[in-house]
Amino acid sequence: MAASVERADFFERVYDVVRLIPVGRVTTYGHIAAHLGMRSSARMVGWALNAVGYDERLKSIPAHRVVNRLGELSGRMHFETPFVMRERLEAEAVPFIGDRVDLSRCLWQPGED
DNA sequence: TGTATGACCAGTC
DNA sequence: CGACTGGCCATAC
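With my numbering, letter number 106 in the first sequence gets 317, and the count goes up by one each step, no holes.
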């Protein structure tokens, strides 16, 4: 039981961090994992966000503002359509370079808020 | 119970 | 940033 509680804690911490990402900015799985003390590797951040797409209660979380370390929209296939992620980012004026986000101009790191 | 997989990352060549 | 390696850890089969 303790284990499942810890897992739930980790998921919620990920959601809390994602909710803090300012409009027009993005962060990466690795930065979130590092901010949480790397207790679960960056892969678990992806798992937490994967749950967002399957849980109606979590739709308010701006998961589209989380990209991989290269700025790629690696999670776009898990949205309602593969285009939603990019459309939301562009609607927030997030700069793109080809198919990737320009992290040098819009990267946000947990704690800088 | 062991293996494979994944919205990942850092290091190396 | 191409390809590969090792590490990460929950889930699925």
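All residues carry an ideal CB built from backbone N, CA and C; glycine is no exception.
Can you give me the C-alpha to C-alpha distance between Val225 and Gly282, rounded to a whole angstrom? Counted from its first residue, the first sequence places residue 225 at position 14. Counted from its first residue, the first sequence places residue 282 at position 71. Going by the C-alpha atoms only, they are around 19 Å apart.
- His275 burial status per 10 Å Cβ neighbour count (16 or more: buried): Numbered from its first residue, the first sequence carries residue 275 at position 64. His275 should be labelled buried.
Identify which residue in Phe222, Val312, Arg297 has its Cα closest to the Cα of Trp327. Because residue 327 is not part of the residues shown, which for the chain are 212 to 324, the question remains open.
* **Extent of the continuous alpha helix (DSSP H) to which Arg326 belongs** => With the chain running from 212 to 324 in the structure shown, residue 326 is simply not present.
- Task: Give every residue of the same chain whose Cβ lies closer than 8 Å to the Cβ of Ile243, excluding the five residues on either side of it in the sequence, and list them in chain order.
- Result: Here the question's residue 243 lines up with position 32 in the first sequence. Once the five neighbours on either side are set aside, the close Cβ partners of Ile243 are Val225, Val228, Val229, Ala253, Val256, Val277, Pro321.
- Local Cβ density within 10 Å of Gly286, reported as buried at 16 or more and exposed below that: On the first sequence, residue 286 is found 75 positions in, with the first residue counted as 1. With 16 or more Cβ atoms within 10 Å of its Cβ, Gly286 is classed as buried.
* Asked: Assuming Leu284 contacts Arg297 under a Cβ cut-off of 8 Å, what Cβ separation, rounded to an integer in Å, is found between them?
  -> Stepping through the first sequence from its first residue, residue 284 is reached at position 73. Stepping through the first sequence from its first residue, residue 297 is reached at position 86. With a Cβ gap of about 6 Å, Leu284 and Arg297 count as contacting.
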